[in-house]
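If you use the UniProt record's numbering, the sequence shown corresponds to residues 1 to 65, in order. Idealized CB from N, CA, C, for every residue including glycine. Read the structure below first, then the notes.
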Amino acid sequence: MREFTSLDAATFASWRTFIRIGRFEPTSQVCCVCGVKDGRKPPHVRVWTCGACGTVQGREDVNSM
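In structure tokens form, the structure reads like this:
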């Protein structure tokens, strides 16, 4: 739990936001722009387009935001 406290302090100091999410949160299924859940994608799908807003997203990019 101590590592999260350090991350909280570091993000606060750099004017960024740190959000804790659940271990099984489907972050690669949700559009980071509009929040629409597009559903599961096979592991080989690395880039996808949101069906609602048309934003092109990469699986790694979404999980790091």
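Which of helix, strand or coil DSSP assigns to residue i
{"i": "T49", "result": "strand"}
Nonlocal neighbours in the same chain, by C-beta distance under 8 Å from residue i, ignoring five residues either side
{"i": "K41", "result": "S28, Q29, W48, R59"}
{"i": "C34", "result": "C50, A52, C53, T55"}
Any chain D beta carbon closer than 9 Å to residue i
{"i": "G58", "result": "Of the protein chains in this structure there is only one, and it is not chain D."}
Chain-order list of residues whose beta-carbon lies under 7 Å from that of residue i (same chain, five-residue window excluded)
{"i": "G39", "result": "Q29"}
Residue i and residue j closer than 9 Å at C-beta
{"i": "F24", "j": "L7", "result": "no"}
Close-in-space but distant-in-sequence residues of the same chain around residue i (CB under 6 Å, 5 per side omitted)
{"i": "M37", "result": "A quick correction: the sequence has Lys, not Met, at residue 37. So the list reads Q29, V30, once near-sequence residues are dropped."}
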